[in-house]
Every structure is written in C-alpha cells, then in structure tokens.
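First comes the structure, then the notes that go with it.
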Amino acid sequence: MDELNPQQLRAVRHGEGPLLILAGAGTGKTRVVTERLAWLLGRGIKPENLLGVTFTNKAAAEMRSRLAKLAGKAFPASRLVLSTFHSLAVRLLRRDAAGIGFAPDFGICDYGEQAAAVRKAISTIRNGAVPPLEKILSQIGRLKNLGIDPESFSRRALEEDERILAAIYRRYQETLRRLGALDFDDLLLQALRLLRECPDALEHWRRRFHYLMVDEFQDTSQIQFELVRLLAAPRDNLCVVGDDDQSIYAWRGALAGNILKFRECYPGAVSIALEQNYRSRQIILSAANAVIRNNPNRREKNLWSSLGPGRPLRLLACSEPGEEAEQIALAVRRRREEAGSGLRFSDFAVIIRANAQSRPLEDEFLAARLPFEVIGGQSLLDHKETRDILAFLALIAKPGADSRLRRIINVPPRGIGGKTLDLLSARAAREGVGLFRLLAEPEREPEIGKVPAEACRRLARTIHSWRKHLEKNGVSGLVEKILAEVDYQEELRQLYRDPLEIASRWNEAREMGRTLAAFAARDPAAKPIELLAAFVDEASLSGAPESGNRKRKGDAVSIITVHSAKGLEFSEVFLAGLEEDVFPNRKAVLEGAVEEERRLFYVALTRAREGLSLSWNRARTSRGKECKCFPSRFLSEIPPEFVQAGETPERLDRALAWLADLRQRLG
1 MDELNPQQLR AVRHGEGPLL ILAGAGTGKT RVVTERLAWL LGRGIKPENL
51 LGVTFTNKAA AEMRSRLAKL AGKAFPASRL VLSTFHSLAV RLLRRDAAGI
101 GFAPDFGICD YGEQAAAVRK AISTIRNGAV PPLEKILSQI GRLKNLGIDP
151 ESFSRRALEE DERILAAIYR RYQETLRRLG ALDFDDLLLQ ALRLLRECPD
201 ALEHWRRRFH YLMVDEFQDT SQIQFELVRL LAAPRDNLCV VGDDDQSIYA
251 WRGALAGNIL KFRECYPGAV SIALEQNYRS RQIILSAANA VIRNNPNRRE
301 KNLWSSLGPG RPLRLLACSE PGEEAEQIAL AVRRRREEAG SGLRFSDFAV
351 IIRANAQSRP LEDEFLAARL PFEVIGGQSL LDHKETRDIL AFLALIAKPG
401 ADSRLRRIIN VPPRGIGGKT LDLLSARAAR EGVGLFRLLA EPEREPEIGK
451 VPAEACRRLA RTIHSWRKHL EKNGVSGLVE KILAEVDYQE ELRQLYRDPL
501 EIASRWNEAR EMGRTLAAFA ARDPAAKPIE LLAAFVDEAS LSGAPESGNR
551 KRKGDAVSII TVHSAKGLEF SEVFLAGLEE DVFPNRKAVL EGAVEEERRL
601 FYVALTRARE GLSLSWNRAR TSRGKECKCF PSRFLSEIPP EFVQAGETPE
651 RLDRALAWLA DLRQRLG
C-alpha cells in the first residue's frame, strides 16, 4: 500500500459503514477496489462474506487476477463473489427462483431468442403501424427497468402506439413463460422481486454478504441500486465507486443521480474524492475539466496529473469526412515516424460518436494500407456457431432448458420437423413436463411418425452420452466431442460457400472448447455438472448490456465509438466528427439530453494518454444532399490556450472563427 496516494489509502482502509468513492477518470479506482478487498481479507473477513459487483466481465476478471497476485495461492477464488449485476441476479435466482414461481433451471434468452419472440408477437398484430423490432426491444427493456409489467402498461396505454406496444409486450412475456426463460432485464427485475417477496431468501443472502462493493456506480439503474441496498442492510457496509461525470448509459436505465442520491439514502456516508490521474498529461485533463464544468448537478472534481503538461490539443477543420479521414491517416503515419519504434498501431484510436461515421475512415485506412479494426460491442452470442454449441452445453447441464432444445433440435437437420416439435410442445404443456423428457419418450405422442420419433430418441441418447462423458472426464474434450458427433463442420459447409468463412466459423466453434477449459481452470475442485451450468450462465450473459465484450485483434488502429471506448485508454486519440447534430447528437439535443452528450465528450477526451486531436467538417452528405455543418458546441468550451493548429495556421484560424461565431450564437 506504500504506492497508494493519501486519498486512495483512506478509501482502502475505511472500516464499517457506507462509503462513496468519487473516482475521476484514470485515478486508479480498480486498484483501490482490489486493494480494499485484499485489506478486508487481511483483517480476517471471510472471502464468502465479500461481494464485489463490477460493470463488465472484463473488469471482474481483472479484479480477480489482481487479487490473486496480492494474495498468491492463498486466494480462495471460488469463495469470493466478483460478478456483474446480471451474474449476481442469476446467482440469487438459481437458488430461490421457486419462491416467485420460476423453475431454478430457467433459460436465459439471448438477443436472437428475444428478437424471435418479438417477431412472433408482431405477427399477431392486425391493425396499426408496428414500430421497428429494435425499437420494440428497447422500449420493452426500458419498461422493465422502470419496473412496469405488461398488465400495468396496458392499463395506462392511451395512444394507439402504446396499445400496440402493450399487446406485443404481453405476448412477448407469454412466449418467454412458455419457454421457461428470462431475458436480461427480467433477471434484474425478478431478482429484486425475490428479495422483496421472499424474506427467507433475503435473510440467507444478507447472512452471506457482510461487505458489498459496487464499481461504476454511476451506471447503475434504479433496480440495481435497490438490489444492493436490500442486500447491504442492516449492516450497510456498502462501498460504491463511481464518477457522475462518466455516466453515459441513460438510454438503458442508468441514473447519474444515483451518486447524488447515495448521500440522501446514507446521510452518514463517508465521501472520498480521487482526483490524481495516472493516465493523461495535464493539458488533456485541463481541457476535460473545463468542458465538464458546464454540466450542472454534478459532484465537483478537478483531475490533475504529475505526468507533465504534454502537447497542446490539435484542432483540424476539414471540408468533409473524406478529407478528415485522410488527415487522420496522415497524422497517424507521421506520429509513428516521429516516435520510431516507440508507438504501435494499437496505441492509436479514432473515436466516433456513432458506428455510421466509420466508413470514410475504413476506406482511407485501406487505401493508405494502415492496419485497423472497427471495434463494437459485438457479443459472443452474436455468432450462430457459438449459440449452437452453447445450446448443446446447456442441455447437458440442464435438460430442462427447453429454449435451447428448440434451437438445436434440427442442428444439423435430423428429420425432426416443425410439426413434430409442435406436437411434442403441446403434449409437454398438457402434461406439465419438460420438452426434453418427451424427446426421450416420443411414443407418448401417438401422432408422431416412426422416423421422426427415432430421430428424437437418438438425439436424447446422444445428449445423455455427453452428460456421462462430462461426469467421467470433466469438461476436457467435451466441445470437440460434440462438434465431431454432430458433424458440425458439415453443417457449416451446407450453410456457407466461402471456404474462408467456413474456416473462421469452425474456429469460433472450437474456441468455445478453449473458453470452457479456461473457465474450468478457475475452480478445479468444482463438480463437472455445476461447473458446466455456471459456464453456460456466464456465457449466456456475454450478450447482456453490461458485458463489456470487446475483442482486440492485434497491432491495429482502433476505430471505436465513445460507448465502446469507455474503460479503455490509448496513447494517441483522434476524436472525429465534432459537429453540431453529430456530437452532440441531434436527437439527444431535441430530447434535452445535452448533459449526457457532454459526459460522452468528457469520456472521449480522457481516453488519451499523450496526444489528442479534435476534428470537424464544414459539410456532410446526408441522403444524397450536401449539408453545411457547424463545429460542436463542446469545442467552444475548450479554452483556446490548450489548442494548437492542426496542419496549417490557416486551418486553425478558420476553426477558431467558427467557434467564435458559435459562442456568440449560443450566448
């Protein structure tokens, strides 16, 4: 702890009672959280009595790794719970879901299954305009985050579009119930309901967790805050770490105000601000401080650094996005040449407000032969082959996972048609049994023919054989055995023609085996069935909003949105497309969400360690028409003394003239 600064040390050594750690960007919050957990363990607190909730799987893994280094072989990895909110919800529900009417082996719907359920609900709507599928899923998620069920929403629906949404929402939930599954938002909602309605369950978890730590608290929703408040009481040993200036997920229910509300809920809470930044040069931090001060209703922080002043920010005024991309590519090449071997391509990032802005950058980087990758939030479960293998694994661990059985019952095609599946499903519903049980005994439905009935029995026997392999050999070789016995490579050949795509997807499928082996290595003493069930849950949650699933390929420039860049850092950052209606986003401005857009801008600025370039365009082409653009209002909030010319003084003069005009127009 000798390397901690005084504020960090005070936070680590806080004893009993609520604690709010206001951790600015780059101030070492992950280290503080980890050191605090280690300090509590050192004081004799049992590991099973500690709970750490992080915002991403990546953060949880990093924290676990750091704790292991601090405690060495003595670190009891399997007894200390470090998880995301969704993983925590699954843990609570797996034990006690029966108390609120759910089977403990409920399935977890991935995005594809959610979309299919919504499409099925849409097909029943005969009159009225139906919104796009993405919008419906977003609206249903928002309603769930507000704790509004289909019945409550139906009663308050007055307009036609609300009544249509209410009908879709109701049928969507009915589909999930028939599948015995919950979606990501249900997990949080039902976990909170469990703690509120089942005193025995609440008491069990309160006895289990004596100290709670919540990272990225500014990104928590009302439901998540209530969840940890219930678990923490009555001891109230609740430590939350966050930065209201980095709250950028209001669109999925996050409340920046939770940090302000924490003091209201816990009037005696200790508050500690971490302001020393260990990432960026001072001039970058000074610019970021100047911008974020324009947001009202925030906890005041002033980031500072001992790393030195650094280079002034570069401002590029470009004619259109093509020229902007060209200037950025030239700057990357020039900076690399200046730094020699000291900078890799992966030290550079181009941060954009929305994915739609990436095309000119991609085209220019291709032409310039600069290695790049477009990084999004693609989930592990966005890949068909991953979802298929995960479905097979789920059936081995949890034969009652009906939604997973429906997915792979004909993967590859084995002669079990839609009619057979409907007959089995209807019989299962009438008898109140799982679909898998009837798969093994198809003769209980006399209308099923001999050929499909034998195919059903053969699949059931195959899954049982995999379960025996698991019990005897553990997870070793399990995925390879599945791939071989279903001839999954032939399945890919039938679906795709490009040999390179087939090879890529085959490697993705095999990667599940390596991922499963790495997961098993975290807890070698676990029973194979329990370990596989836990892996299925964790993998299923890789598509959850908080999963933070981002892949980096290697030495390449990152083209990345601000939301995806949160939590990352780069030596050199180019923040592109800084025009009004782009950043800040036009829709956000119209909806009065400029403060969140400013927080997004602040997050983007603070990703840079050494160099930061800002660029905007005088014109863009929209729907075939060239439109005049104005520089972002956020540029006008950066003091001129922090900025220098980009390519030529003339460019800077033109940009500053635009900014002066903007300041005048904004008053």
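In the working numbering, the protein residues as written are 1 to 667. We treat Cβ as the ideally placed atom computed from N, Cα and C, and that holds for glycine.
Review point. Grouping DSSP H, G and I as helix and E and B as strand, with all else coil, what is A589?
Key: Position check: residue 589 holds Val in this sequence, whereas Ala was assumed. Annotated three-state conformation of V589 is helix, per DSSP.
Alpha carbon to alpha carbon, how far is G477 from I502? Give it in angstroms, no decimals.
22 Å
* Does the Cβ of A429 have 16 or more other Cβ atoms within 10 Å, making it buried, or fewer, making it exposed? -> exposed
Given D185 as reference, the closest of Y111, E160 and A116 once Cα atoms are compared: Y111
Let's test the definition: count the other Cβ atoms within 10 Å of the Cβ of R311 and tell me whether it reaches 16, buried, or not, exposed.
Here R311 is exposed, its C-beta having fewer than 16 other C-beta atoms within 10 Å.
- prompt: In three-state terms, what does DSSP make of E300?
  reply: coil
### Query
What residues in its chain sit with their C-beta under 8 Å from that of L424, if we drop five residues either side in the sequence?
L435, L438, L439, P442, E445, I448 and C456
Item to check | Neighbour-count burial assignment, V582, 16 or more Cβ in a 10 Å radius | outcome: buried
(request) Could you pull the start and end residues of the alpha helix (DSSP H) that T462 belongs to? (result) K450 to N473
**Message:** Assuming N302 and E275 are in contact, meaning their beta carbons sit under 8 Å apart, how far apart are those beta carbons, in whole angstroms?
**Reply:** 6 Å
Measure the Cβ-Cβ separation of V270 and I559 and say whether it is below 9 Å.
no
Which value, in whole angstroms, describes the spacing of the CA atoms of A250 and L137?
16 Å
By the DSSP assignment, the alpha helix (DSSP H) with R493 in it spans what residues?
Counting along the chain, the alpha helix (DSSP H) containing R493 begins and ends at Y488 to L495.
Inspect the beta-carbon positions of S632 and L578 and report whether they are closer than 9 Å. Taking a C-beta distance under 9 Å as the contact criterion, S632 and L578 qualify as a contact pair.
Taking the runs of the beta strand (DSSP E) that are 3 residues or longer, which of them lie wholly in the stretch 330 to 391?
348 to 352 and 372 to 375
- prompt: Which of helix, strand or coil does DSSP assign to P631?
  reply: strand
- DSSP three-state call for V240: helix, strand or coil? strand
Note to self: Assuming contact is defined by CB atoms lying nearer than 9 Å, are H210 and I21 in contact in what I supplied?
What the structure shows: Their beta carbons are not under 9 Å apart, which means H210 does not touch I21 by this criterion.
Would you decide whether C239 is buried or exposed? Buried here means 16 or more other CB atoms lie within 10 Å of its CB. By the 10 Å Cβ count, C239 comes out buried.
Checklist entry - Using the rule of at least 16 other Cβ atoms within 10 Å of the residue's Cβ for burial, across every protein chain shown, is G554 buried or exposed? => result exposed
> Per DSSP, what kind of secondary structure is V536 in: helix, strand or coil?
Replying inline: V536: helix per DSSP, three-state reduction.
| request: Give me the Cβ distance between V53 and V32, rounded to the nearest whole Å; I'm assuming they're in contact under 8 Å. | output: The pair is not a contact, with the Cβ atoms about 15 Å apart (cut-off 8 Å).
- prompt: Does the separation of the CB atoms of W205 and L192 fall below 9 Å?
  reply: no
- request: Tell me, please, which residues DSSP counts as bridged to C318.
  value: N617
field: T84, DSSP secondary structure in three states
entry: Of the three classes helix, strand and coil, the one that applies to T84 here is strand, per DSSP.
* P420, DSSP secondary structure in three states -> Looking at the sequence shown, residue 420 is not Pro but Thr. Looking at T420 - three-state DSSP - the assignment turns out to be helix.
| request: Go to A273, then tell me how far its beta strand (DSSP E) extends in each direction, as first and last residue. | output: Segment V270 to L274, the beta strand (DSSP E) holding A273.
Check: Span of the beta strand (DSSP E) holding S154?
Finding: Looking at the DSSP string, S154 is not in any beta strand (DSSP E); the run it does join, the alpha helix (DSSP H), is P150 to R156.
| Does the stretch 350 to 366 come within contact of the stretch 485 to 502, defined as at least 3 CB pairs closer than 8 Å? | Too few Cβ pairs lie closer than 8 Å, so no.
inquiry  = Taking a contact to mean a Cβ-Cβ separation below 9 Å, would you say R281 touches P309 in this structure?
reply    = yes
Review point. With distances taken between CB atoms, is the gap from R510 to L483 smaller than 9 Å?
Key: The criterion of a C-beta distance shorter than 9 Å is satisfied by R510 and L483.
Exercise for the section: Check whether the Cβ atoms of V536 and V562 lie closer than 9 Å to each other. Expected result: No; because the gap between Cβ atoms is not below 9 Å, this pair is not in contact.
In the DSSP assignment, find the unbroken alpha helix (DSSP H) run with G42 in it and report its ends.
-> K29 to G42
### Task
Let me know if L67 comes out buried or exposed under the rule of 16 or more other beta-carbons within 10 Å of its beta-carbon.
buried
- How big is the Cα-Cα spacing for A166 and L146? 15 Å
Contact between the stretch 605 to 618 and the stretch 255 to 264 (3+ Cβ pairs under 8 Å)
Three or more beta-carbon pairs separated by less than 8 Å are not found between the stretch 605 to 618 and the stretch 255 to 264, which leaves the two stretches without contact.
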